Amino acid sequence: MMVVRPVRPADLPALERLAGLATPSLTNLPAHRDRLEERIARSRQSFGREVDFPGDEHYTFVLEDLERDEVVGTATLRAEAGAREAYYTYRQETLIHASQQLNVRREVQTLSLSHEVSETTQLCALSLDPRYRGTSAESLLRRARLMFIAQYPERFAEVLAMAFPGYLDEQGESPFWNSVGRHFFVRDYHDINYLAGVRSKSFIAEVMPQFPLYLALLTPQARAAIGREHPAHEAAMAEMLAEGFMRSRHVDLFDAGPVIKGERDRLHTFRRAAWHPVRVRPAHALPDAEPAMIANQRLAEFRCVVARYALSPTGQLMLSPEHAELLGVEEGRAVLAAPLALPSAGDDEAGFDEGEL
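For the sequence shown, this note's numbering begins at 12 and goes up steadily by one.
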């Protein structure tokens, strides 16, 4: 039985292990004990704080395998990506260079520094034990955060964003970093990625050129990497596009990995989620039904599990005693449920956020 819950101080060793397992290493989940301790403390403060609008709160969750008594995944929500300092990205743009005298008109692709993503809520810092990849546990960990946002919308922005790790070559090098960032920092990609995790990314924007980067001046390998996710994250990208996120024109400063964005009201989890009173029934008596994410209504004791979406004729959600106890709910109490399955991403995968066109 798997459950997503808020992180606890006792989870520190598990976070250290998960940070080391992340592929590739994540800037927002550094394998650094002090930073991870700070993350846990900040999360506990955020869960305990009264909030009327998003600020610098960080909510860190873990995925626990109760049968093994082991934390096997973690994921975080940053209520406002740029609450403390601007969240910088590169924005893909098109400039027109024209000359009537020479009868020349060229559209030139560029990258410009931007902090437009600063006002979004960011889904970040997800790492999962490799044993659980490709299972319902992975979807639960990734999307339980949406169930939390659905219950406490005042704590988060209307637009959600998610930055994916960018493409690395067979040697583990970032073609984009080697073509751009390395000219301004005498460090390789992995060093600068770790340094930004321990400190912040703001120093990158301070040193990187403020003028637009003309893509034609980059190497072909760097251009091909722009907006391309790391192969290990292709399945995650497909799931979030199916959820209703769309590719934006923003990419990461380091490796040019894609940034996807989604309006809350357009995401499938929000549109299909419904409240149901609980009816407790023995597990063997529950009817067959499609799996769903089920979440309780307790802020600091938030719990989200995968269980059958089994409804009675009167609209009650039938739960086993084990699931009811895990969620901390009694018969008659309401829980939020949303189908685990998502529609295929279809043609939306190649699309851009409408506000970015």
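Where a beta carbon is used, it is the ideal one built from N, C-alpha and C, also for glycine.
Here the structure is a predicted model, which is why all the values come from computation and not from measurement.
DSSP puts residue i in a beta bridge; with which residues?
i           : result
residue 289 : 328
residue 72  : 17 and 86
residue 101 : 124 and 262
residue 108 : 117
residue 248 : Answer is none; residue 248 lacks a bridge partner.
residue 81  : 76
residue 303 : 318 and 350
Can you tell me the Cβ-Cβ gap for residue i and residue j, rounded? I've got them flagged as a contact below 8 Å.
i           : j           : result
residue 161 : residue 284 : 5 Å
residue 254 : residue 280 : 6 Å
residue 257 : residue 238 : Going by Cβ atoms, the distance from residue 257 to residue 238 rounds to 12 Å, so no, they are not a contact pair.
residue 83  : residue 18  : Not quite, the Cβ-Cβ distance comes to about 13 Å (not below 8 Å), so this is no contact.
residue 217 : residue 289 : In fact, because the Cβ distance is near 52 Å, the residues do not count as touching under 8 Å.
residue 293 : residue 331 : 7 Å
residue 32  : residue 199 : About 21 Å separates the two Cβ atoms, so there is no contact after all.
If you draw a straight line from the C-alpha of residue i to the C-alpha of residue j, how long is it?
i           : j           : result
residue 30  : residue 122 : 30 Å
residue 360 : residue 172 : Residue placement at residue 360 cannot be trusted, given a pLDDT of 48 that sits under 50; what the coordinates show is reported in the next sentence. For residue 360 and residue 172, the distance between alpha carbons rounds to 15 Å.
residue 130 : residue 168 : 7 Å
residue 303 : residue 107 : 49 Å
residue 320 : residue 305 : 8 Å
residue 87  : residue 287 : 27 Å
residue 334 : residue 50  : 29 Å
residue 308 : residue 195 : 49 Å
residue 219 : residue 192 : 7 Å
residue 14  : residue 69  : 20 Å
residue 142 : residue 177 : 23 Å
residue 59  : residue 347 : 21 Å
residue 314 : residue 156 : 11 Å
residue 358 : residue 328 : For residue 358, the predicted structure reports a pLDDT of 45, less than 50, and the residue's modelled location is therefore unreliable. A value from the coordinates is still provided. If you take the alpha carbons of residue 358 and residue 328, they lie about 34 Å apart.
residue 127 : residue 243 : 27 Å
residue 85  : residue 339 : 21 Å
residue 136 : residue 76  : 19 Å
residue 134 : residue 261 : 15 Å
Of all the options the options, which has the alpha carbon lying nearest to the alpha carbon of residue i?
i           : options               : result
residue 35  : 180, 166 and 115      : 180
residue 100 : 293, 320, 178 and 264 : 264
residue 92  : 77, 67, 79 and 108    : 67
residue 227 : 187, 208 and 262      : 187
residue 247 : 102, 145 and 13       : 145
residue 224 : 240, 61 and 105       : 105
residue 159 : 354, 312, 331 and 322 : 312
residue 20  : 54, 37, 41 and 39     : 54
residue 132 : 79, 44, 233 and 89    : 89
residue 268 : 236, 96 and 277       : 236
residue 125 : 241, 165 and 259      : 259
Using a Cβ-based criterion (distance less than 7 Å to any ligand heavy atom), does residue i qualify as near the ligand MG?
i           : result
residue 347 : In the structure on display, the ligand MG does not appear, and there are no ligands present to speak of.
Counting only beta-carbon separations shorter than 8 Å, does residue i have a partner in chain C?
i           : result
residue 227 : No chain C appears in the structure shown, which is made up of a single protein chain.
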